[in-house]
Amino acid sequence: MVQIRLTNTRTRRKEDFTPIDPRNLRLYLCGPTVYDRAHLGNARPVLVFDVLVRLLRHAYGAGHVTYVRNFTDVDDKINARAAETGRPIRDITRETIGWYHDDMDALGAERPDHEPRATDFIGQMIAMIEVLIGRGHAYAAEGHVLFDVRSYADYGRLSGRSVDDMIAGARVEVAPFKRDPMDFVLWKPSDGDQPGWDSPWGRGRPGWHIECSAMSEALLGPSFDIHGGGIDLQFPHHENEVAQSCCAHPGAGFAKVWLHNEMLQVEGKKMSKSLGNFFTVRDLLDRPAGQGGGVPGEVIRLVMLSTHYRKPMDWTEAKRAEAEAVLRRWRGLVAGIEPAPSPAPAVLDALCDDLNTAGAIAALHDLAGKGDAAGLLAGARMLGLLLPGMGGWAEAGADADADAAGLIGTLLAARAAARSARDFARADAIRDGFAAAGVAIKDTAGGAEWSLQPGFDAARLRALAEALSGSQPA
RNA sequence: GGCGGGUUGGCGGAGAGGUUACGCACCGGAUUGCAAAUCCGUGAAGACCGGUUCGAUUCCGGUACCCGCCUCCA
66 MVQIRLTNTR
76 TRRKEDFTPI
86 DPRNLRLYLC
96 GPTVYDRAHL
106 GNARPVLVFD
116 VLVRLLRHAY
126 GAGHVTYVRN
136 FTDVDDKINA
146 RAAETGRPIR
156 DITRETIGWY
166 HDDMDALGAE
176 RPDHEPRATD
186 FIGQMIAMIE
196 VLIGRGHAYA
206 AEGHVLFDVR
216 SYADYGRLSG
226 RSVDDMIAGA
236 RVEVAPFKRD
246 PMDFVLWKPS
256 DGDQPGWDSP
266 WGRGRPGWHI
276 ECSAMSEALL
286 GPSFDIHGGG
296 IDLQFPHHEN
306 EVAQSCCAHP
316 GAGFAKVWLH
326 NEMLQVEGKK
336 MSKSLGNFFT
346 VRDLLDRPAG
356 QGGGVPGEVI
366 RLVMLSTHYR
376 KPMDWTEAKR
386 AEAEAVLRRW
396 RGLVAGIEPA
406 PSPAPAVLDA
416 LCDDLNTAGA
426 IAALHDLAGK
436 GDAAGLLAGA
446 RMLGLLLPGM
456 GGWAEAGADA
466 DADAAGLIGT
476 LLAARAAARS
486 ARDFARADAI
496 RDGFAAAGVA
506 IKDTAGGAEW
516 SLQPGFDAAR
526 LRALAEALSG
536 SQPA
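So for the first sequence, this note's numbering puts the first residue at 66; every next one is plus one.
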């Protein structure tokens, strides 16, 4: 096993990764605010971390890694959703968490060891805010508690900004109770119909940033190994987490390594609702046949991992098609094969080099080309690909009901008969009919094999069978 | 305006200061009744301008274009 190297946002360098405690590696990933389905961009950090955790478990032992990913279940977006729909907040967040699990499971992402919900850690947040006030890093004003950025000399270091530059570029009006325009909210007052908790500053709710500081501390301690998230969270969210946690626990250091993934783009732009290029993981998984059909989670995963996490990546239909073809071929190669005892060094080397998943995939192609099915399988599983239970989509009769399967069998027999009778016009007509209906035929030494294509149309298959029975050969 | 990311062959996408990335597509060959699938093989790159170097796509400087972030907003 080679040295794992990771690009640390904190130092802007690729550096050797050394765990604080090799018997207990601790990771934290910022999870979703649960008011709606996860969009495709949300899946990127989840998959990056999933591969990272698989790699760390391989390197340090499955039992020696603790992976935490939170749910933000108190947020104004959730309140707004509740007001729009008239539904209780608890119902909305419970349902959304269920969706999130379903969707990430479908991508083959393992569940974290802990999935804390912010509302279960309000006490810890209040305690942390009290510590910050006690140390002179925060102040109460008009029912709010604000973090005093001027009290923390390193504020702006993670994101590479200076407080003065940020103020110079500020365009928005500043709340009058702030000492400094950059001060951010730790606690804010709630009115009657907003979710709120009693606190020394009155009934209120936490600011977004304090949630992650409190939950990571509660589950991982004041210092831990790796903290991740999308690059869009670097500022202000992660900068503020650093300020809160480092000021509450001077000397602890908080996260040793910060990992940030670049944005997922669609048509060259960051995915967003206002641009209309927004779609969810579920939209893709359940896409109707007319729009190209559902995209298997495994295919989404391969597309995501085919670009290095620190580069912007475009989701395109062409990539989907290529990934699907590759996985079909690989699935065929490894059918009935046991994985090699350990992933090939080329795969591990690539992953150890700052999680070079694209390089690891190239190594998998290499193994496939050499016919090393056991090696391919072991390597692919390191990336969370070709997992057992995720390949149903690629099996011959995956989406076919018994009727369709029977019909295809009958038609294939008819074609075989026509071929042996050297009636190639009839045999080719059947083949063309299969193609038109979305059934792919492979002639092998052991007979014809078939599989359904994304645009499969059972009605056209029935029409083919009827047309054929009306023209039985003499 | 500040900070950050990107620009590689037809498309996608990596590593490395000098030797084939890899995949898809294309083209040639094998195979096939003809195809598909499969196998073998060829070709194809490094935004622009300078600099360093025996040698740069890889290092340094600059330019262009694209993209992201920039006070909780009650």
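Virtual Cβ for every residue (Gly too), placed ideally from N, Cα, C.
GLY355 to PHE521, Cα distance in whole Å?
Distance between the alpha carbons of GLY355 and PHE521: 10 Å.
Distance, Cα to Cα, HIS209 vs ARG375?
Computed Cα separation, rounded: 37 Å.
Taking the beta strand (DSSP E) that GLN330 falls in, what are its first and last residues?
Where GLN330 is concerned, the enclosing beta strand (DSSP E) stretches over 329-331.
Grab the span of the alpha helix (DSSP H) containing VAL391 for me, first residue to last.
Element bounds for VAL391: 382-399.
Which class does ILE85 belong to by DSSP, given the choice of helix, strand or coil?
Of the three classes helix, strand and coil, the one that applies to ILE85 here is coil, per DSSP.
If we count the other Cβ atoms within 10 Å of its Cβ and call it buried at 16 or more, is HIS166 buried or exposed?
Exposed is the call here.
Give me the residue from ARG270, SER255 and LEU90 with the minimum Cα distance to ALA127.
Ranking ARG270, SER255 and LEU90 by Cα distance to ALA127 puts LEU90 first.
Could you check the C-alpha separation between GLY257 and HIS430 for me, to the nearest Å?
Answer to the nearest angstrom: the Cα atoms are 60 Å apart.
Let me make sure I understand the geometry here. Which of LEU172, GLY293, PHE212 and VAL133 has the alpha-carbon closest to that of LEU71?
Among LEU172, GLY293, PHE212 and VAL133, the Cα nearest to that of LEU71 belongs to GLY293.
Please go through the region 197-260 and give each complete alpha helix (DSSP H) segment of 4 or more residues, from N-terminal end onward.
Fully enclosed alpha helix (DSSP H) runs of 4 or longer: 228-233.
Given LYS79, which residues of its chain have a CB within under 6 Å of its CB, disregarding the five upstream and five downstream residues?
Cβ neighbours of LYS79 beyond the five flanking positions: ARG70, THR72 and ASP419.
Whole angstroms are fine: how far does the CA of GLY512 sit from the CA of TRP529?
One detail in the question is off: residue 529 reads as Leu in this sequence, not Trp. Taking the straight line joining both Cα atoms gives about 21 Å.
Between the alpha carbons of VAL239 and PRO246, how many angstroms are there, rounded?
C-alpha separation (whole angstroms): 6 Å.
With a threshold of 6 Å on Cβ separation, who are the neighbours of ASP379 within its own chain once the five nearest residues in sequence on each side are excluded?
For ASP379, where only same-chain residues beyond five positions count, the Cβ hits under 6 Å are GLN330.
Hey, quick one: how far does the alpha helix (DSSP H) through ARG119 stretch, first residue to last?
Segment 105-125, the alpha helix (DSSP H) holding ARG119.
Ignoring anything shorter than 3 residues or poking outside the region 494-539, list the beta strand (DSSP E) runs there in chain order.
Listed in chain order, they are 504-509 and 512-517.
Assign LEU533 to one of two classes, buried (16 or more other C-beta atoms within 10 Å of its C-beta) or exposed (fewer than that).
It counts as buried.
Excluding sequence positions up to five away, which residues of its chain have a Cβ less than 6 Å from the Cβ of CYS417?
Hits under 6 Å: VAL67 and ILE69.
Distance check for THR184 and ILE194, CA to CA, integer angstroms please.
For ILE194 and THR184, the distance between alpha carbons rounds to 15 Å.
Sorted by chain position, which residues of the same chain lie with C-beta nearer than 8 Å to LEU349's C-beta, five sequence neighbours on each side aside?
Contacts found: LEU105, GLY359, VAL360 and ILE365.
Compare the C-alpha of LEU92 against each of GLU403, GLU282, ALA494 and ILE143 and name the closest.
The option with the nearest alpha carbon to LEU92 is GLU282.
Given that a residue counts as buried once 16 or more other Cβ atoms are within 10 Å of its Cβ, and exposed if not, what is GLU304?
Flag for GLU304 reads buried.
State yes or no: is the C-beta of PRO271 within less than 8 Å of the C-beta of ILE187?
Going by C-beta atoms, PRO271 is nearer than 8 Å to ILE187.
For the putative contact between ASP115 and ALA174, defined by C-beta atoms under 8 Å, what is the C-beta separation to the nearest angstrom?
Contact flag correct, Cβ pair sits at about 4 Å.
Report yes or no: do the region 274-291 and the region 306-323 share at least 3 C-beta pairs separated by less than 8 Å?
Output reads yes: the region 306-323 touches the region 274-291.
Only counting the same chain, and skipping five residues up and downstream in sequence, which positions put a Cβ closer than 6 Å to that of LYS253?
Cβ neighbours of LYS253 beyond the five flanking positions: HIS209 and GLY269.
Nearest-angstrom Cα distance between TYR204 and ALA390?
Distance between the alpha carbons of TYR204 and ALA390 is about 58 Å.
Residues in the same chain with beta-carbon distance under 8 Å from ALA433, minus the five sequence neighbours each way, listed in chain order, please.
Within the same chain, ALA433 has close Cβ partners ARG394, TRP395, LEU398 and LEU441.
Output the residue ranges of the alpha helix (DSSP H) runs that lie fully inside the region 438-462 and measure 4 residues or longer, sorted by chain position.
Within the region 438-462, the complete alpha helix (DSSP H) runs of at least 4 residues are 438-447.
For ILE296 versus MET328, is the C-beta spacing smaller than 8 Å?
Contact: yes.
I'd like the span of the beta strand (DSSP E) that includes TRP266, first residue to last.
From DSSP, TRP266 is part of no beta strand (DSSP E); its letter is neither H nor E.
Output the distance between the C-alpha atoms of THR76 and GLY151, rounded to the nearest integer angstrom.
For THR76 and GLY151, the distance between alpha carbons rounds to 47 Å.
Spatial neighbours of PRO177 within its chain, please: CB distance less than 7 Å, with the 5 preceding and 5 following residues excluded, ordered by chain position.
Answer for PRO177: TYR132, VAL133 and ARG134, listed in chain order.
Report the partner residues of PHE136 according to the DSSP bridge assignment.
DSSP output for PHE136 lists ARG182 as bridge partner(s).
Using alpha carbons as the reference points, say which of HIS325, ALA443 and PHE343 lies closest to GLU332.
Cα-wise, what sits closest to GLU332 is PHE343.
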